[in-house]
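Novice: Numbering (my numbering), first residue to last: 3 to 449.
For every residue, glycine included, the Cβ atom is placed at its ideal position computed from N, Cα and C.
First, the structure itself, so that you have it in front of you.
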Amino acid sequence: MVKTKIAVLISGNGTNLQALIDAQRNGKLRHGIIELVISSNSIAYGLKRAENAGIKTAVITKKMAGSQRAFEEGIREELQKNGTELIVLAGFMQILSKAFTDAYPGRIINVHPSLIPAFCGKGCYGLKVHRKALEYGVKVTGATVHYVNEIPDGGRIILQKPVRVKKGDTPAVLQKRVMEEAEWQILPQAADMVSKRIMKEKTADMEAYEKERIDKLVEDNSYPGRGIVIGRTADGAKAVSAYFIMGRSENSRNRIFVREGEELFTRAFDESKLEDPSLIIYAAIRRIADKLIVTNGDQTDTIYDTLKEGGSFEDALKKRSFEPDFPNMTPRISGMVQLGEDDFEYKLSIIKSATKDGTKIARYVFDYESEPGLGHFIHTYVCDGDPLPTFAGEPERVDISDDIASFTERLWTSLDEDNRIALYVRYTDAVTGEYEDRLINRMEKQV
């Protein structure tokens, strides 16, 4: 197995670098290998850690380079010389330009000592982060691993891990606990996840890889929660709608999908173990005339009833809020396909809290003209966490194939094996309304 070549960029003591080195020694960094350490500080102790591990090192300082551009060019030269495929920022105290980050899309990750979006951005680093957390009075802080773009701490989140703040904590004490309980655990885990994805890119030809983009998006998310995919097959003939659910609690895991005519419902697998049905038992898919509705909750019925009364998708969602499961405040995600002889259209929506305390609601609707071979993917969470961090931004673009069996298999096998519960995929003829579907329940065989 040819592993992903990793370069770690540091500026100081290198404790996160050591966590990566230890993970490599212990076999936890299975898909990547650290081949280079670059320091922006010539006396950084992290260089000694790298040398002790037999890892090649290089020193490139901004003072030595003379300018930001020359500094970054020096780094890029070292990366290219060593065939680097993944860059890990581990205590790297320099902001990289857009030109640099754009040259490595999806190939640079960073660990930040807070639960982004809290206490992050320009000027928030080191002890300053923990001082701010204590001044603000939070009960829980933690660490985040995210992709890097030109905005400080602004890239997509990969993993997060919470850490309790204790009475009497100082910034230094809290910093040590966050490193030990969060940073040193999730940074190697995220590096391995991204290394695995890069390996798949290398071993598949580009056409095959493009067809598996849904796999990549799911594998990069340790806990997407519930997800909806809507799009159009590559041949342009069919509307594709997919819905999956995941779960961690016993109540959430005790579920299956059940077809009732053209509609899809969540039901308890074992009725005797069902605790609270209010947020987990609902109609997931319903059809009214030439409109197909798919949602992650009982807003399916709200949309159906509103459309029946002559209202719109947007009118229906104005009546609803996010789920009342504080502190997660799980978003309500919804989709609707407008079928027809002409190019059909579809919409996706997310309703979520606009404030940390849940006092304000944000509603977003995304309206798409269908395009052959293209779909959009929206889900409730960006990764695991406590509380679970909410999906942010626009729905993600995904490629859609003509083969329902392979699309279903790719999506199901990419979902975390420990938390996946059920998946339903429907390919609907845009003109006739006839459809083919696939249903997978964790508790049962594929049907």
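Quick check: the Cα distance between ALA145 and PRO329, rounded to an integer number of angstroms?
Specialist: Rounded to the nearest whole angstrom, the C-alpha separation of ALA145 and PRO329 is 18 Å.
Novice: Could you check what DSSP says for MET338 in three-state terms: helix, strand or coil?
Specialist: strand
Novice: How would you label SER280, buried or exposed, when you count the other beta carbons within 10 angstroms and need 16 or more for buried?
Specialist: exposed
Novice: So, at 7 Å on beta carbons, what are the nonlocal neighbours of ILE282 in its own chain, with the 5 sequence-adjacent residues on each side left out?
Specialist: ASN253, SER254, ARG257, THR268
Novice: When you compare only the Cα positions, how much space is there between SER116 and ASP24?
Specialist: 23 Å
Novice: Quick one: is ARG428 buried, meaning 16 or more other Cβ sit within 10 Å of its Cβ, or exposed?
Specialist: By the beta-carbon neighbour count (other beta carbons within 10 angstroms, threshold 16), ARG428 is buried.
Novice: What residue range is occupied by the uninterrupted alpha helix (DSSP H) comprising ARG51?
Specialist: Its alpha helix (DSSP H) spans residues 47-54.
Novice: How is ASP307 classed by DSSP in three states: helix, strand or coil?
Specialist: helix
Novice: Which term fits GLN181, buried or exposed, when burial requires 16 or more other beta carbons within 10 angstroms of its beta carbon?
Specialist: The amino acid occupying residue 181 in the given sequence is Met; Gln does not appear at that position. When all chains shown are included, MET181 counts as buried.
Novice: Just list the residues that DSSP pairs VAL90 with in beta bridges.
Specialist: VAL10, ILE111
Novice: Please report the straight-line C-alpha distance between GLY108 and TYR149, rounded to a whole angstrom.
Specialist: Their Cα atoms are separated by approximately 6 Å.
Novice: Tell me whether ILE153 is buried or exposed, calling it buried when 16 or more other Cβ atoms sit within 10 Å of its Cβ.
Specialist: Taking a 10 Å sphere around the C-beta of ILE153, we find fewer than 16 other C-beta atoms and assign the residue as exposed.
Novice: How many Å lie between ALA236 and SER372 at the Cα?
Specialist: Cα-Cα distance, rounded: 11 Å.
Novice: Which residues does DSSP list as the beta-bridge partners of MET248?
Specialist: ARG422
Novice: On the CB-based measure, 16 or more other CB atoms within 10 Å of its CB, does PRO326 come out buried or exposed?
Specialist: Exposed.
Novice: So HIS132 is in the alpha helix (DSSP H); what residue range does that whole segment cover?
Specialist: 129-138
Novice: Could you give the residue range of the beta strand (DSSP E) that holds VAL268?
Specialist: Residue identity check: residue 268 is Thr in the sequence provided, not Val. Taken as a continuous stretch (DSSP letters only), the beta strand (DSSP E) holding THR268 covers 265-270.
Novice: With a Cβ-Cβ cutoff of 8 Å, do THR304 and ARG288 count as a contact?
Specialist: Judged by their CB atoms, THR304 and ARG288 are not nearer to each other than the 8 Å cut-off.
Novice: Pairing CB atoms from the region 92-112 with CB atoms from the region 5-24, are three or more of them under 8 Å?
Specialist: yes
Novice: Among VAL167, GLU221, LYS124, TYR348, whose alpha-carbon lies nearest the alpha-carbon of ALA135?
Specialist: VAL167
Novice: So ILE36 and LEU49 are in contact, right, with Cβ under 8 Å, and what is the actual spacing, rounded?
Specialist: The pair is not a contact, with the Cβ atoms about 13 Å apart (cut-off 8 Å).
Novice: Reducing DSSP to helix, strand and coil, say where ALA239 ends up.
Specialist: coil
Novice: Secondary structure at ILE363, three-state DSSP: helix, strand or coil?
Specialist: strand
Novice: Would you mind reading off the limits of the alpha helix (DSSP H) that contains LYS163?
Specialist: First-last for LYS163: 159-166, but that is the beta strand (DSSP E), not the alpha helix (DSSP H).
Novice: So what does DSSP say about LEU31, is it helix, strand or coil?
Specialist: coil
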